[in-house]
Amino acid sequence: MGDLLSRLSLQPVDSSDFEDMLAVRIDAMRPSLERVGRFDLTRSRERLSAGFVVPYMHHIVLDGEQRLGFITLKPEDADALRLDHLYLRTGFQGRGIGEWALRWAKAQAREQKLDIKLTALVQSDANRFYQRHGFVLEGEEGVDLHYRWRVASEAAC
Numbered sequence: 000m001g002d003l004l005s006r007l008s009l010q011p012v013d014s015s016d017f018e019d020m021l022a023v024r025i026d027a028m029r030p031s032l033e034r035v036g037r038f039d040l041t042r043s044r045e046r047l048s049a050g051f052v053v054p055y056m057h058h059i060v061l062d063g064e065q066r067l068g069f070i071t072l073k074p075e076d077a078d079a080l081r082l083d084h085l086y087l088r089t090g091f092q093g094r095g096i097g098e099w100a101l102r103w104a105k106a107q108a109r110e111q112k113l114d115i116k117l118t119a120l121v122q123s124d125a126n127r128f129y130q131r132h133g134f135v136l137e138g139e140e141g142v143d144l145h146y147r148w149r150v151a152s153e154a155a156c
């Protein structure tokens, strides 16, 4: 697995990447959304469109060319960043790539001395992933769970 991680990089997103990124989001989210009866193609498009802020988005890329997913980390409040998207194609989940991307996000937060907030879907496998990486549940709203990672909580992950 270490060899795989050494072959990863982040690349900038372009506005013309929207459709490809929507396909990644649908691939990654569909099982969880179907579990809670919330899968809807139109809503998926609207949710990604609302958070499609190119300067804060990065493709997760293998060997400089194969796009495996994407991550969005953008300003939220005076004291936090928002991890708005972290999606991987289903064939690449569970291989340490999400953890690799999360380490990058935490390094950005540490550099700026900001916490990270995120929202995950109830009954999603992502909840265990984020809890395992130090995110603490702060509240819930409908089918959304709100988490926060505090920059002061970890010295260097």
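Take 0 as the starting number for the sequence shown in numbering that gives the first Met the number 0 and just add one per residue.
All C-beta atoms, glycine included, are put in the ideal place defined by N, C-alpha and C.
Which residue's Cα is closest to the Cα of E64: P74, V12, I25?
When each option's Cα is compared against that of E64, the closest is V12.
To the nearest angstrom, report how far apart R127 and F134 are at their CA atoms.
Looking at the two C-alpha atoms, the distance is approximately 10 Å.
On a Cα-Cα basis, can you pick out the residue from R131, L113, L120 that is closest to R149?
Looking at the Cα atoms, L113 is the closest of the given residues.
To which residues of the same chain is F38 closer than 7 Å at the C-beta, ignoring the five residues directly before and after it?
If we look at F38 and ignore the five residues flanking it on each side, its Cβ neighbours are R29, L32.
Closest to E140 by CA distance: which of D78, A119, A22 is it?
Checked all of D78, A119, A22; the closest Cα to E140 is A119.
Do you know how far the Cα of Q111 is from the Cα of A77?
Spanning the two alpha carbons is a distance of roughly 11 Å.
Could you tell me the alpha carbon to alpha carbon distance between A177 and V52, rounded to whole angstroms?
Because the chain in this structure spans residues 0 to 156, residue 177 falls outside the shown range and cannot be described.
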